[in-house]
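2 protein chains.
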Amino acid sequence: MVRKTKEDAEITRKRIINAAREVFCIKGVSRTSLDQIATHAGVTRGAVYWHFKNKTELFHAMREQVFLPLIDRMDDTLLANIDSSKPSTTDPLTRIEDFLQETIQVLNEHLETRQTYEIMMSKCEYVDEFATVLQQILSNCSGIAEKYETIYQEAKNLGLLHPNHDPKQLAVDTHLFFTGLLHLWVKDSDGTHFRIQASQLISAHIKFRRK
Amino acid sequence: MVRKTKEDAEITRKRIINAAREVFCIKGVSRTSLDQIATHAGVTRGAVYWHFKNKTELFHAMREQVFLPLIDRMDDTLLANIDSSKPSTTDPLTRIEDFLQETIQVLNEHLETRQTYEIMMSKCEYVDEFATVLQQILSNCSGIAEKYETIYQEAKNLGLLHPNHDPKQLAVDTHLFFTGLLHLWVKDSDGTHFRIQASQLISAHIKFRRK
DNA sequence: TTATATACAAACATGAATGTATGTAAATAG
DNA sequence: CTATTTACATACATTCATGTTTGTATATAA
Numbered sequence: 634m635v636r637k638t639k640e641d642a643e644i645t646r647k648r649i650i651n652a653a654r655e656v657f658c659i660k661g662v663s664r665t666s667l668d669q670i671a672t673h674a675g676v677t678r679g680a681v682y683w684h685f686k687n688k689t690e691l692f693h694a695m696r697e698q699v700f701l702p703l704i705d706r707m708d709d710t711l712l713a714n715i716d717s718s719k720p721s722t723t724d725p726l727t728r729i730e731d732f733l734q735e736t737i738q739v740l741n742e743h744l745e746t747r748q749t750y751e752i753m754m755s756k757c758e759y760v761d762e763f764a765t766v767l768q769q770i771l772s773n774c775s776g777i778a779e780k781y782e783t784i785y786q787e788a789k790n791l792g793l794l795h796p797n798h799d800p801k802q803l804a805v806d807t808h809l810f811f812t813g814l815l816h817l818w819v820k821d822s823d824g825t826h827f828r829i830q831a832s833q834l835i836s837a838h839i840k841f842r843r844k
Numbered sequence: 634m635v636r637k638t639k640e641d642a643e644i645t646r647k648r649i650i651n652a653a654r655e656v657f658c659i660k661g662v663s664r665t666s667l668d669q670i671a672t673h674a675g676v677t678r679g680a681v682y683w684h685f686k687n688k689t690e691l692f693h694a695m696r697e698q699v700f701l702p703l704i705d706r707m708d709d710t711l712l713a714n715i716d717s718s719k720p721s722t723t724d725p726l727t728r729i730e731d732f733l734q735e736t737i738q739v740l741n742e743h744l745e746t747r748q749t750y751e752i753m754m755s756k757c758e759y760v761d762e763f764a765t766v767l768q769q770i771l772s773n774c775s776g777i778a779e780k781y782e783t784i785y786q787e788a789k790n791l792g793l794l795h796p797n798h799d800p801k802q803l804a805v806d807t808h809l810f811f812t813g814l815l816h817l818w819v820k821d822s823d824g825t826h827f828r829i830q831a832s833q834l835i836s837a838h839i840k841f842r843r844k
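As structure tokens, then:
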């Protein structure tokens with residue numbers, strides 16, 4: 634066999650991750666064998682075991698490829714110049730709406746992200762070595778809710794909200810709304826139930842907050 | 634072996650379903666073997682194969698044990714005397730809140746329901762023969778949203794809502810909120826993130842709707 | 001230039017789960 | 001009272017995924 638250069642090996646690694654994502658999405662994580670992934674990637678199980686310890690590590694690698702960039706985008710869109718000298722140009726509620734709309738747009742346009750979400754939400758079982766992922770997700774929730782809260786507080790200071798609405802509660806409510814939307818958006822693969830109206834649902838959700 | 638009477642057999646059947654639920658919850662559906670279930674139920678695989686065709690049918694039986702009663706409870710609490718001559722005694726928004734609070738209460742108090750939700754939401758993979766369940770869930774969503782909508786419309790007629798709030802959009806928003814809450818409530822097994830404040834989150838969500 | 005590490009492929013060994021087939025004692029039907 | 005189901009337990013055959021080991025050609029370091 635032709636020995637590969639370092640860049641070739643990196644390409645192989647990525648092809649394996651891509652193959653894993655696609656087969657995971659079709660067969661589910663536990664029904665997918667490493668041989669199926671290898672074949673789909675045009676290699677043998679030898680290559681898979683060279684790059685990854687086992688299916689679990691391959692799964693985590695696939696997940697990180699999508700979820701690590703997400704955190705960055707969230708900070709960018711949501712907390713843009715929050716600490717800068719001049720206040721944000723767009724109003725806070727619009728910034729939240731933009732972030733939500735943007736997330737749906739990414740799911741619509743980016744196949745890899747869509748598939749990864751689908752796997753995470755309905756094609757894997759969070760037990761044993763995978764249980765830690767659930768804890769990570771829950772921990773992340775607190776951070777996300779805090780970011781929403783900061784912006785809702787900003788909106789309250791600007792008098793955009795109903796006076797008796799608490800920013801903290803609005804934040805969690807929005808987070809729960811979007812969690813639900815993401816779950817149902819992903820499961821609605823033919824798009825007839827939620828994907829068609831997702832954008833309007835987000836707009837409506839934000840409108841409910843405005844005084 | 635002592636041949637069992639019909640009632641004994643029915644008991645065995647239920648013990649197998651209960652065992653399945655518990656092992657599913659610990660090991661995940663696909664990592665659970667029928668032998669593990671049988672042992673946990675105090676029988677052998679022979680009994681399991683006698684009562685169920687395979688793991689898939691056992692899974693469906695377990696699911697129905699919890700989800701069929703749910704539909705009934707929903708109609709009872711939510712649509713109580715909707716068509717009756719006299720209008721409902723409690724105000725519509727409170728009826729929605731009661732239903733949501735009641736659901737969380739059932740999860741808190743009823744182990745079987747809690748375990749089944751946990752399995753459905755994070756311990757099974759919706760592929761192949763299980764994919765149909767997702768479709769059922771999505772179809773059900775429309776029905777649930779319609780029920781919410783009916784009540785929000787009632788609330789609007791009574792002048793309880795902000796005039797520019799659309800009952801249909803409120804209904805879906807509430808459904809997404811509660812979907813998200815259920816998902817995170819179930820995953821928050823140590824209760825520190827969402828279970829402690831679930832009740833308040835529901836109250837707040839409904840308060841946001843009141844004029 | 002040569003030794004070694006790399007990037008896999010191929011072969012091997014093992015275990016575990018599944019489905020089915022058979023055995024069997026007691027309940028039940030006639 | 002006898003024949004036939006019923007409600008399982010037990011034994012068997014097969015498949016299949018996993019992890020490991022070995023082989024090997026070549027890139028790369030020294």
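Protein chains in written order, with the numbering used here: chain A, 634 to 844; chain B, 634 to 844. Built from N, CA and C at the ideal position, the CB exists for glycine as well.
>> Counting beta carbon pairs with one atom in the stretch 746-755 of chain B and one in the stretch 667-678 of chain B, are three or more of them shorter than 8 Å?
In response: no
> When the cut-off is 8 Å and only beta carbons count, does Leu703/A lie next to chain B?
Replying inline: no
> Do you know how far the Cα of Tyr781/A is from the Cα of Leu726/A?
Replying inline: 10 Å
> Rounded to whole angstroms, how far is the Cβ of Ser755/A from the Cβ of Lys820/A, which I believe are closer than 8 Å?
Replying inline: 6 Å
>> Give me, in chain order, the residues of the same chain whose beta-carbon lies closer than 6 Å to that of Arg648/B; leave out the 5 immediate sequence neighbours on both sides.
In response: Ala674
> Grouping DSSP H, G and I as helix and E and B as strand, with all else coil, what is Arg843/B?
Replying inline: strand
>> For Leu771/A and Leu701/A, what's the separation of their Cα atoms in angstroms?
In response: 16 Å
> Once you ignore the five residues that flank Ile650/B on each side, which residues in its own chain have a CB closer than 8 Å to its CB?
Replying inline: Leu691, Ala694, Met695 and Gln698
> Taking a cut of 8 Å between CB atoms, which residues from the stretch 652-682 of chain A lie near chain B?
Replying inline: Ile659, Lys660, Gly661, Val662, Ser663 and Arg664
> Looking only at C-alpha atoms, which of Gln768/B, Asp705/B, Asn797/B and Thr638/B sits nearest to Ser822/A?
Replying inline: Gln768/B
> DSSP beta-bridge partners for Leu817/B?
Replying inline: For Leu817/B, which the question treats as bridged, DSSP gives no partner whatsoever.
> So, does the CB of Thr812/B fall closer than 8 Å to a CB anywhere in chain A?
Replying inline: yes
> Buried or exposed: where does Ile644/A fall if 16 or more other Cβ atoms within 10 Å of its Cβ makes it buried?
Replying inline: exposed
>> Which residues in chain B have a C-beta closer than 9 Å to the C-beta of Glu735/A? List them in chain order.
In response: Near Glu735/A there are no residues of chain B at all, since even the closest Cβ is about 18 Å away, more than 9 Å.
> Is it true that the CB of Leu814/B sits closer than 8 Å to the CB of Ala831/B?
Replying inline: yes
>> Can you confirm whether Phe845/B, when its beta carbon is compared against all beta carbons of chain A, has any partner nearer than 8 Å?
In response: Any answer about residue 845/B is impossible in this case: the structure gives chain B only from 634 up to 844.
> Out of curiosity, what's the CA-to-CA distance linking Tyr682/B and Val760/B?
Replying inline: 22 Å
> For chain B, is any of its Cβ atoms less than 8 Å away from the one on Val805/A?
Replying inline: yes
>> Against chain A, does Leu794/B count as a neighbour if the rule is that its beta carbon must be under 8 Å from one of theirs?
In response: no
> Between Arg895/A and Ile670/A, what straight-line distance do the alpha-carbon atoms span, to the nearest angstrom?
Replying inline: Residue 895/A is absent from the model: chain A starts at 634 and stops at 844.
> What residue does the alpha helix (DSSP H) around Ala737/B start on, and which one ends it?
Replying inline: A small fix is needed here, since residue 737/B is Ile in this sequence, not Ala. Pro725 to Glu742 is the extent of the alpha helix (DSSP H) around Ile737/B.
> Smallest Cα separation from Gln738/A: which of Trp818/A, Thr765/A and His808/A?
Replying inline: Trp818/A
> Given 8 Å as the limit, is there contact between the stretch 799-816 of chain A and the stretch 802-814 of chain B, that is, 3 or more CB pairs closer than that?
Replying inline: yes
> Taking buried to mean at least 16 other C-beta atoms within 10 Å of its own C-beta, is His743/B buried or exposed?
Replying inline: exposed
>> Contact defined as beta carbons within less than 8 Å: I believe Ile729/A pairs with Ile777/A. What is the distance between those atoms, to the nearest angstrom?
In response: Not a contact, Cβ separation roughly 11 Å.
> Run through DSSP, which three-state label would Leu834/A get?
Replying inline: helix
>> Here's the rule: buried if 16 or more other CB atoms are within 10 angstroms of the residue's CB, otherwise exposed. What is Thr807/B?
In response: buried
> Between the stretch 736-768 of chain A and chain B, which residues of the former have CB atoms less than 7 Å from a CB of the latter, in chain order?
Replying inline: Ser755, Lys756, Cys757, Glu758, Tyr759, Val760 and Leu767
>> Let me check one thing: in DSSP terms, what residues is Thr794/A bridge-paired to?
In response: Checking the sequence shown, residue 794/A turns out to be Leu, not Thr. Bridge partners of Leu794/A: Arg843/A.
>> Using only the alpha-carbon positions, how far apart do Thr723/A and His798/A sit?
In response: 21 Å
> Nearest chain B C-beta to Ser775/A closer than 8 Å, yes or no?
Replying inline: yes
>> Which same chain residues end up closer than 6 Å to Val805/B when comparing Cβ atoms and leaving out the 5 residues on each side of it in sequence?
In response: Ala778
> Mapping DSSP to helix, strand and coil, what is Thr638/B?
Replying inline: coil
>> If contacts are defined as beta-carbon pairs under 8 Å, then Glu758/A and Val662/B qualify, I think. What distance do you get, rounded to the angstrom?
In response: 7 Å
> Asp821/A CB to nearest chain B CB: under 8 Å?
Replying inline: yes
>> Measuring alpha carbon to alpha carbon, tell me which residue in Met707/A, Gln833/A, Asn687/A and Ile839/A is nearest His795/A.
In response: Ile839/A
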